[in-house]
Amino acid sequence: MNHNTQSRHRVLNFIADNTILAVLGALFIAPIVLVLLTSFMSGRQTLTASWWPDPWEWDNYVKAFTEVPLASWFANSTMYAVLSTVFMIVSSVPAAYVLAKIKFRFSNVIFLAIIVAMLLPPQVTIVPIYVMWAKIGLTGTLWPLILPNLLGSAFSIFLLRQFFLTIPSAYADAARVDGAGEVGVLLKVMVPMTRSGIAAAAIFQFFYSWNDFFGPLLYTSENQQAWPVAYGLATFHGSHGTDWGMTMAVTMLVTLPVVIVFFFAQRVFVEGINLTGVTG
Amino acid sequence: MSTLVNRRARFTPYMLLIPATAVLLVVIGWPLIQLFIISFQEFGRAQVFGAPAPFIGFENYTKVLGDPAFWNVMVRSILFCLVNVVVTMVGGTLIALLMTKVNRFFRLLLSVGLLLAWAMPALTATIVWGWMFDTSYGVVNYALTNFFGLDFHAHSWLINPLSFFFVATVIVVWGAIPFVAFTVYAGLTQIPDEVMEAAQLDGARSTQRFRLIVFPYLKSIFLVVTILQVIWDLRVFTQIYALQGIGGIREQTSTLGVYIYQVALGSGEYGIGGAIAVITVFFMMAISLYYVRQSLKEEQL
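Protein sequences appear in the order of chains D and S.
Residues in the first sequence are numbered consecutively from 1, following this note's numbering.
Residues in the second sequence are numbered consecutively from 1, following this note's numbering.
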């Protein structure tokens, strides 16, 4: 009897767990399904209570391609995200390595400064930085957002430092005994061992730039030619706010490529973060 | 270092640090110094275009510190951050634990949902959720009125600051939970089965198992993830700014980032914006000093 109640208990538990999970899953999927369905509705249909398109309208997508400069948005976003990521890797990897593995005077001070820099909302330092870029004459372009990555980003340095900390110093020492210099140790020993960590930092940077709304709002709002996807979508939504069908079609079109890239990238992301924990 | 210290080896650390030092000096240090100077000046739109900026002592600071709006923004930002971090961490961990228990099909279903939510840019998510909470055409009002018999007909969610932040929290947490859930789940799969089984045989209850085994195993993962959440929620901008555009009252719902943006770039009060920023810097330094001391202590062990 005891055995019987126990197994019944188990069955009930199983059903309860799966139900909760199904509800949670639905909660995360529902908004996206709603967007997809609404993007196929005519303008009048979106204002009714029915949630299934009848008939299915492709019109919103046709309009989106003809009336919205999607190609230009995507080109700008791609330039912003790709260049930022490349620049960040080149500059932040060596800095993070030094901060993680080599003890020298002021290393703690520099680390503290990087943490502060990382915590500061970007709005804090924009006033003088904006004035500087205005004087150089690069406002109205995305360069004020791309170029600083050549000097590294505080967040990436922090993240990469965590990854380097997990690699035992013995590997580096062995390479040094074999006569490798610090640059050799970094490139031949450390980088290959933290590949998934570096990939994670790169993906963080890529998506941060791609989804960045504040930066483009600040620097490119007056120059339509330079708008990336995130800012373009916001202004489009501002001016077509009640045309739900078309708004959702545009939302779908700009989100889909990100979702697809993300689908392939997320594994690396999660593996990378876990690397900082389990082995450390 | 090893016994092979030569001159080159002694100099390379500094070479490799050039980017980091440059970032500190040029991207952080220089603006901070400028900011500090501006915060003691009368600095408006005219000064951006070259007009002389007179020094006015602590006037900007007394204005900011005497302004209740500033203190409201501070308290609001900290509370918002705390609530969002706690809800995200607890929710994400619970989902991760659930994922270890259910069968493949449901796990896949949930993973797809989480992934979609995670991949959605913050702005897109805000537009979609703002539309779901829309006063006239929102699905939330419709469902509450028609399925639950509550009177939510034409209810405005964004006018009341408290319910504005409820909606903002839904959006932020919805977007942040997937990262926490996936990361913790990946960590959970690394705990050896034997350890969990042994604990179960010893009669440890599920809460005890979490406290005594899971938590210590995943401590460093929890630490990194929590820090990232704090950073992201403290500097939240897009969701609040976009939601205000959809229909909130800016004065009652601004968080730190949005507030500085409005004061400095919105109304051109760069001097006052600078003073707010300097106060924020000191505040953040106090927080991070604590973290750095903790983490340096741990690394030395």
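Using N, Cα and C, we set each Cβ at its ideal position, and we do this for glycine too.
All values derive from a computational prediction rather than experimental measurement.
Contacts of residue i in chain D (Cβ-Cβ under 8 angstroms)
i: S/Leu35; result: Val124, Thr125, Val127, Pro128
i: S/Thr280; result: Leu120, Pro121, Val124
i: S/Ile249; result: Those within 8 angstroms of S/Ile249 in chain D number zero; the least Cβ separation is about 18 angstroms.
i: S/Ala264; result: Gln123, Ile126, Val127
Cross-chain neighbours of residue i in chain S, by beta carbon under 9 angstroms
i: D/Ala230; result: Pro121, Ala122, Leu123, Thr124, Thr238
i: D/His240; result: Those do not exist, as D/His240 stays about 11 angstroms from chain S at its closest Cβ, beyond 9 angstroms.
i: D/Gly25; result: Phe106, Leu109, Leu110, Ser111, Val112, Gly113, Leu114
i: D/Phe213; result: Pro121, Ala122, Leu123, Phe237, Thr238, Tyr241, Ala242
Beta-carbon spacing of residue i, residue j below 7 angstroms
i: D/Ile157; j: D/Leu83; result: no
i: D/Pro144; j: D/Tyr61; result: no
i: S/Thr93; j: S/Val225; result: no
i: S/Val60; j: S/Ala286; result: Per the sequence shown, residue 60 of chain S should be read as Asn rather than Val. No; because the gap between Cβ atoms is not below 7 angstroms, this pair is not in contact.
i: D/Tyr231; j: D/Leu253; result: no
i: S/Tyr233; j: S/Val73; result: Before going on, a small fix: residue 233 of chain S reads as Asp here, not Tyr. Going by C-beta atoms, S/Asp233 is not nearer than 7 angstroms to S/Val73.
i: S/Ile177; j: S/Gly91; result: yes
i: D/Asn149; j: D/Phe87; result: yes
i: S/Ala277; j: D/Val124; result: yes
i: S/Val170; j: S/Thr88; result: no
i: D/Ala201; j: D/Leu233; result: no
i: S/Thr238; j: S/Leu123; result: yes
i: D/Val189; j: D/Ala175; result: yes
i: D/Leu119; j: S/Ile231; result: yes
i: D/Pro128; j: S/Gln262; result: no
i: D/Ala117; j: S/Ile260; result: no
i: S/Gly271; j: S/Phe43; result: yes
i: D/Phe262; j: D/Val250; result: no
i: S/Ala117; j: S/Leu188; result: no
i: D/Trp210; j: D/Ala71; result: no
i: D/Ala265; j: D/Ile198; result: no
i: S/Ala51; j: S/Gln41; result: no
i: S/Ala199; j: S/Arg209; result: yes
i: S/Gly175; j: S/Ala143; result: no
i: D/Ala154; j: D/Ile114; result: yes
i: D/Phe164; j: D/Lys63; result: no
i: S/Ala119; j: D/Val185; result: no
i: D/Leu21; j: S/Val195; result: no
i: D/Val248; j: D/Ser91; result: According to the sequence as given, residue 248 of chain D is Met; it is not Val. Against a cut-off of 7 angstroms, the Cβ pair of D/Ser91 and D/Met248 comes out as no contact.
i: D/Arg8; j: D/Leu99; result: no
i: S/Leu323; j: D/Gly25; result: Only positions 1 to 301 of chain S appear in this structure, which leaves residue 323 of chain S out of reach.
Beta bridge counterpart(s) of residue i as assigned by DSSP
i: S/Phe55; result: S/Gln41
Contact list for residue i against chain S, beta-carbon separation under 8 angstroms
i: D/Trp244; result: Trp131, Tyr137
i: D/Thr255; result: Ala119, Met120, Pro121, Thr124
i: D/Gln162; result: Val224
i: D/Thr251; result: Thr124, Ile127, Val128
i: D/His237; result: Ile127
i: D/Val191; result: Near D/Val191 there are no residues of chain S at all, since even the closest Cβ is about 12 angstroms away, more than 8 angstroms.
Listed by chain order, chain D residues near residue i by CB distance under 7 angstroms
i: S/Tyr270; result: Val127
i: S/Met284; result: Val116, Leu119, Leu120
Contacts of residue i in chain S (Cβ-Cβ under 7 angstroms)
i: D/Pro31; result: Val128, Trp129, Met132
i: D/Ala234; result: Leu123, Ala242
i: D/Leu36; result: Ordered by position in chain S, no residue passes the 7 angstroms Cβ test against D/Leu36, which lies about 10 angstroms from the chain.
i: D/Val259; result: Leu116, Ala119
i: D/Val131; result: Val48
Partners in chain D for residue i, counting only beta-carbon separations shorter than 9 angstroms
i: S/Val195; result: Chain D residues near S/Val195: none, gap ~13 angstroms exceeds 9 angstroms.
i: S/Tyr290; result: By Cβ distance, chain D contributes nothing, its closest Cβ being about 10 angstroms from S/Tyr290, past 9 angstroms.
i: S/Leu256; result: Pro121, Gln123, Val124
i: S/Leu234; result: Leu119, Pro121
Check: residue i C-beta below 6 angstroms from any heavy atom of the ligand GTP
i: S/Asp193; result: Judged by which ligands are present, the structure shown has none, so any question about the ligand GTP falls away.
>> Tell me whether the stretch 72-86 of chain S and the stretch 249-267 of chain S touch, counting them as touching only if at least three CB pairs, one residue from each stretch, are closer than 8 angstroms.
In response: yes
> If you measure beta-carbon to beta-carbon, which residues of the stretch 156-180 of chain S are closer than 9 angstroms to chain D?
Replying inline: Contacts with chain D (Cβ-Cβ distance below 9 angstroms) from the stretch 156-180 of chain S involve Trp174, Ile177, Pro178, Phe179, listed in chain order.
> Do the stretch 223-242 of chain S and the stretch 71-79 of chain D meet, that is, are 3 or more Cβ pairs less than 8 angstroms apart?
Replying inline: Because the criterion of three Cβ pairs below 8 angstroms is not met, the stretch 223-242 of chain S and the stretch 71-79 of chain D do not touch.
> Which of the residues in the stretch 31-63 of chain S, read from start to end, lie with their CB under 7 angstroms from any CB of chain D?
Replying inline: Pro31, Leu32, Gln34, Leu35, Ile38, Val48
> Taking three-plus beta-carbon pairs below 8 angstroms as touching, is the stretch 147-155 of chain S in contact with the stretch 40-58 of chain D?
Replying inline: The stretch 147-155 of chain S makes no contact with the stretch 40-58 of chain D; the number of CB pairs closer than 8 angstroms stays below 3.
>> Is it the case that the stretch 103-116 of chain S contacts the stretch 29-36 of chain D, given that we only count it when at least three CB pairs across the two stretches are under 8 angstroms?
In response: yes
>> Pairs of beta-carbons, one from the stretch 178-185 of chain D and one from the stretch 133-140 of chain D, closer than 8 angstroms: are there three or more?
In response: no
>> Taking beta-carbon pairs under 8 angstroms, can you tell me which members of the stretch 81-96 of chain S lie near chain D?
In response: Ile95
> Does the stretch 204-218 of chain S come close enough to the stretch 154-161 of chain S to have 3 or more Cβ pairs within less than 8 angstroms?
Replying inline: no
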